[in-house]
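J.: Numbers -4 to 366, taken from this note's numbering, label the letters of the sequence shown in order.
Below are the structure tokens for one structure; questions will follow.
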Amino acid sequence: MPHRSSTPSWTIQPVSHNNVTEVIDFINHARAGMFPNRSLAPDNTTLLGPGSYFLEARDGAQLIAAIGYVPYNHRFPQFDYRDVLTVEVVRLYVLPDYRRFGLAAALFSALSEKAKKEGIGRFYLHTHPFLPGAIRFWEKHGFEVVQVEEDPIWRTTHMQMRIGQGRHEEEMNNARTSGREFDREVTPTSTALSSAAESSTPPGSEFSALDWASQYTRVESTAEDSTFTITLPVFLSDNLVPLMPSHPLYPSIGTTCSICHEPFHAAHTPILVTDIRGCRNHIFGYTCLRKCISSGAPNSNKCPLCRTAWFRIRRSEFRKVNREWEDIETAERKLLKEIERDCKGEQDVTDGFVKATRKGLVGLRKTVLGW
């Protein structure tokens, strides 16, 4: 579509409750155009959940652009953004006929002003070099590149921008002083995509792990699978750690599971995937992780975030795990009801749920694996 010869007019305002569905449809249509022939899970209204803020631009009644931010969910462990309140800038899109008139800059400026008022201390985003002008635009508006992933297709470019001292900075400094925070080694990671299947979804995109695991209906044994030494039994035994609230890696309040994008809570225990080469301590909700692994679908043995293979696929093990996990889940639900009934105080309930999760994993190992 050719650009206008005269400057268009527009209004910018927060997305209202009545316009949420229209804006989500607009965003999904935009993403389909930006990533043609890619399998991306569509956004839904949960994108505009607690802690999120979205703006829309209209020319009269016509929706012509959108932008927003969502709470950063710490799904990239190479970036430690717990020092200040951090949000992720997402879904900036302007209709082609309204570009090169300063609308994108106006939207981002309005978004930044809102973030400052909310005490947010940092913006994070990621983009890709094949999106025309994207990196240059963000650098022009104050972002710096902190990492470029070394995969040959996406070259995912991670960027950040400090926007002033967030209101939580003093609190986090005090927490570090009291020993509640921890130091983590931060090293650049490389995401080398090894197949066309893996390149069908850009790293860091919001998608369901079950969607990722079940994209393909046929499993072929790969060289990677045949040489990978970790089996499913070993993975369940040695590489999954249910986190107690006292654990230094326990997610902060409001942090969401990277699979379902819902906050962690007592009944959705955070599980740390640890000691896997190339997969840096990702944390997922127990229920989501269980559904992904026990599905036995292609890619169900790989991390939904970084695509690292966790264990070697063996069909017989998947069948056993799937059968036994259903029985364990039934027993867990009964146990959790007892915990909610008998425990007093939120902390006791949370601790009880974590212990129930651990008991379920131990039971799985004993009944399925004979350990």
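Glycine is no exception: its CB is placed at the ideal position from the N, C-alpha and C atoms.
Treat the numbers as computed from the prediction; the structure is a model and nothing was measured.
1) Start and end of the beta strand (DSSP E) containing histidine 260?
2) Which same chain residues end up closer than 8 Å to glycine 63 when comparing Cβ atoms and leaving out the 5 residues on each side of it in sequence?
3) Just checking my contact of phenylalanine 156 with arginine 117 at CB under 8 Å: how many whole Å lie between their CB atoms?
4) Go ahead and label phenylalanine 125 buried or exposed: buried means 16 or more other beta carbons lie within 10 angstroms of its beta carbon, across all protein chains shown.
5) Quick one: Cα of alanine 187 to Cα of arginine 302, how far?
6) Let me confirm a value: proline 237 is counted as buried when at least 16 other C-beta atoms fall within 10 Å, else exposed. Which label applies?
7) When we look at the beta-carbon of threonine 140 and count the other beta-carbons within 10 Å, is it buried (16 or more) or exposed?
8) Identify the residues that DSSP records as bridge partners of arginine 157: which are they?
9) Taking a contact to mean a Cβ-Cβ separation below 8 Å, would you say cysteine 252 touches histidine 242 in this structure?
10) Between arginine 150 and histidine 123, which are expected to be in contact by the criterion C-beta below 8 Å, what is the C-beta distance as a whole number of angstroms?
11) Run the CB neighbour count on tryptophan 207, radius 10 Å, all protein chains shown included, and call it buried at 16 or more, exposed below.
12) Compare the beta carbon distance of valine 89 and alanine 101 with 8 Å and say whether it is the shorter of the two.
13) Could you check how far apart the C-beta atoms of valine 65 and valine 82 are, in whole angstroms? I think they sit under 8 Å.
14) Between which two residues does the beta strand (DSSP E) containing aspartate 54 stretch?
15) Grab me the residues of threonine 269's own chain with a C-beta within less than 7 Å of its C-beta, minus the 5 sequence neighbours each way, in chain order.
16) Hey, out of Lys286, Gly273 and Thr282, whose CA is closest to proline 72's CA?
17) Following the continuous beta strand (DSSP E) through isoleucine 371, name the residue where it begins and the one where it ends.
18) Taking arginine 86 as part of the beta strand (DSSP E), name the residues at either end of that continuous run.
19) Determine, using beta carbons only, whether phenylalanine 230 and phenylalanine 279 come nearer to each other than 8 Å.
20) Give the single residue among Ser104, Gln57 and Asn14 whose Cα lies nearest to the Cα of histidine 136.
21) Answer yes or no: do aspartate 38 and isoleucine 59 have a C-beta to C-beta separation smaller than 8 Å?
22) If isoleucine 266 and leucine 284 are in contact, beta carbons under 8 Å, what's the gap, nearest whole angstrom?
23) Is alanine 61 near valine 18, with beta carbons less than 8 Å apart?
24) Over the uninterrupted alpha helix (DSSP H) stretch that includes valine 10, give me the two end residues.
25) Tell me the DSSP secondary structure of leucine 238 in three-state form.
26) Out of Asn294, Asn14, Leu120 and Thr6, which has the shortest C-alpha to C-alpha gap to tyrosine 76?
27) How would you write the range of the beta strand (DSSP E) that phenylalanine 279 sits in, first residue to last?
28) Any idea what DSSP makes of alanine 60, helix, strand or coil?
29) Are the C-beta atoms of glutamine 155 and some chain D residue less than 8 Å apart?
30) Could you work out which residue in Val15, Ile271 and Asp92 is closest to threonine 2 when comparing CA atoms only?
31) Indicate whether leucine 300 and arginine 70 have their beta-carbon atoms separated by less than 8 Å.
32) What separation, rounded to the nearest whole angstrom, lies between the Cα atoms of alanine 56 and glutamate 113?
33) In whole angstroms, give me the CA-to-CA distance for glutamate 134 and threonine 152.
T.: In brief:
1) To locate residue 260, count along the sequence shown from 1; it is residue 265. No beta strand (DSSP E) contains histidine 260, which DSSP labels as neither H nor E.
2) Residue mapping note: residue 63 aligns to position 68 of the sequence shown, counting from 1. Cβ neighbours of glycine 63 beyond the five flanking positions: Val10, Leu42, Leu43, Ser47, Tyr48, Phe49, Leu50, Val84, Val85, Arg86 and Leu106.
3) Numbered from its first residue, the sequence shown carries residue 156 at position 161. Numbered from its first residue, the sequence shown carries residue 117 at position 122. Here residue 156 is methionine; the residue named in the question, phenylalanine, does not match the sequence. Right, their Cβ atoms sit about 7 Å apart.
4) Sequence index remark: in the sequence shown, residue 125 carries index 130 (1-based). When all chains shown are included, phenylalanine 125 counts as exposed.
5) Start at 1 with the first residue of the sequence shown, and residue 187 comes out as number 192. Start at 1 with the first residue of the sequence shown, and residue 302 comes out as number 307. Here alanine 187 scores only 28 on pLDDT, less than 50, and its place in the model is too uncertain to base an answer on.
6) Position 242 of the sequence shown, counted from the first residue, corresponds to residue 237. Label assigned to proline 237: buried.
7) Position 145 of the sequence shown, counted from the first residue, corresponds to residue 140. First, the amino acid is wrong: residue 140 is valine here, not threonine. Per the 10 Å Cβ criterion, exposed.
8) The count along the sequence shown starts at 1 and reaches residue 157 at position 162. Paired residues: Arg117.
9) For this step, residue 252 is matched to residue 257 along the sequence shown. For this step, residue 242 is matched to residue 247 along the sequence shown. Contact flag unset, no.
10) Taking the sequence shown and counting its residues from 1, the one referred to as residue 150 is at position 155. Taking the sequence shown and counting its residues from 1, the one referred to as residue 123 is at position 128. Cβ atoms of arginine 150 and histidine 123 come within 8 Å of each other, at about 6 Å.
11) Here the question's residue 207 lines up with position 212 in the sequence shown. Interpretation of tryptophan 207 is limited by its pLDDT of 33, a score under 50 that renders its predicted location unreliable; the figure taken from the coordinates is listed afterwards. Buried.
12) Locating residue 89 in the sequence shown gives position 94, where the first residue counts as 1. Locating residue 101 in the sequence shown gives position 106, where the first residue counts as 1. Not closer than 8 Å, so no.
13) Taking the first residue of the sequence shown as position 1, residue 65 is located at position 70. Taking the first residue of the sequence shown as position 1, residue 82 is located at position 87. Contact holds; Cβ gap of about 6 Å.
14) Here residue 54 corresponds to residue number 59 of the sequence shown, with the count starting at 1. It spans 48 to 54 - the beta strand (DSSP E) in which aspartate 54 sits, taken as one unbroken run.
15) Translated into positions along the sequence shown, residue 269 becomes position 274. Taken in chain order, the residues that qualify are Asn234, Val236 and Asn276.
16) Translated into the one-based positions of the sequence shown, residue 72 becomes position 77. Per the Cα distances, Gly273.
17) This structure gives no information on residue 371, because the portion of the chain shown stretches from -4 to 366.
18) If you number the sequence shown from 1, residue 86 lands on position 91. Arginine 86 -> beta strand (DSSP E) spans 81 to 89.
19) By one-based count along the sequence shown, residue 230 stands at place 235. By one-based count along the sequence shown, residue 279 stands at place 284. No, these two residues do not count as a Cβ contact at 8 Å.
20) On the sequence shown, position 141 is the one that residue 136 refers to. Nearest to histidine 136 by C-alpha distance, out of Ser104, Gln57 and Asn14, is Ser104.
21) As a first step, residue 38 is located in the sequence shown; it is residue number 43 there, counting from the start. As a first step, residue 59 is located in the sequence shown; it is residue number 64 there, counting from the start. No, these two residues do not count as a Cβ contact at 8 Å.
22) In the sequence shown, the residue the question calls residue 266 occupies position 271. In the sequence shown, the residue the question calls residue 284 occupies position 289. Isoleucine 266 to leucine 284, Cβ: 5 Å. Contact.
23) Residue numbering aside, residue 61 sits at position 66 when the sequence shown is read from its first letter. Residue numbering aside, residue 18 sits at position 23 when the sequence shown is read from its first letter. Closer than 8 Å, so yes.
24) As a first step, residue 10 is located in the sequence shown; it is residue number 15 there, counting from the start. In this chain, valine 10 is not harboured by any alpha helix (DSSP H), its DSSP state being neither H nor E.
25) Counted from its first residue, the sequence shown places residue 238 at position 243. Looking at leucine 238 - three-state DSSP - the assignment turns out to be coil, as it is neither helix nor strand.
26) Position 81 of the sequence shown holds residue 76. The candidate whose alpha carbon is nearest that of tyrosine 76 is Leu120.
27) On the sequence shown, position 284 is the one that residue 279 refers to. Judged by DSSP secondary structure, phenylalanine 279 falls within the beta strand (DSSP E) whose first and last residues are 278 to 280.
28) Position 65 of the sequence shown, counted from the start, is the residue given in the question as residue 60. Of the three classes helix, strand and coil, the one that applies to alanine 60 here is strand, per DSSP.
29) Here chain D cannot be found, since the structure has a single protein chain.
30) One-based indexing of the sequence shown puts residue 2 at position 7. Of Val15, Ile271 and Asp92, the smallest CA-CA separation from threonine 2 is found for Asp92.
31) Position 305 of the sequence shown, counted from the first residue, corresponds to residue 300. Position 75 of the sequence shown, counted from the first residue, corresponds to residue 70. In this structure, arginine 70 lies closer than 8 Å to leucine 300 by Cβ.
32) One-based indexing of the sequence shown puts residue 56 at position 61. One-based indexing of the sequence shown puts residue 113 at position 118. Whole-angstrom Cα-Cα distance: 29 Å.
33) On the sequence shown, position 139 is the one that residue 134 refers to. On the sequence shown, position 157 is the one that residue 152 refers to. One C-alpha to the other measures close to 12 Å.
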